[in-house]
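Written out below as structure tokens is the structure these notes cover.
Numbering (our numbering), first residue to last: 34 to 108.
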């Protein structure tokens, strides 16, 4: 689930944003739109909703996969 979420949001995270808050909101919005069908938990249960998908983004940040919400390219 983490890998699918990362693959689904990394392009939005890499874009230039005015600030980290806008980047955070864009990534969380993108997370709600992605499909995570390879994850058995999503496929075989009804437990994964938008809140859980957003939560995975914060897990990715804790794991160092998303290193920070503010990039040097941001104004």
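For glycine and all other residues, C-beta sits at the position ideal for the given N, C-alpha and C. These numbers were taken from a predicted model, which means no experiment stands behind them.
- Cα atoms of residue 63 and residue 41: separation of roughly 7 angstroms, rounded to the nearest angstrom.
- Nearest in C-alpha terms to residue 60, of all of 103, 79 and 46, is 46.
- Nearest Cα to residue 34 within the set 102, 82, 58 and 103: 82.
- Distance from the CA of residue 92 to the CA of residue 101, rounded to the nearest whole angstrom, comes to 12 angstroms.
- Around the beta carbon of residue 57, 16 or more other beta carbons lie within 10 angstroms, which makes this residue buried.
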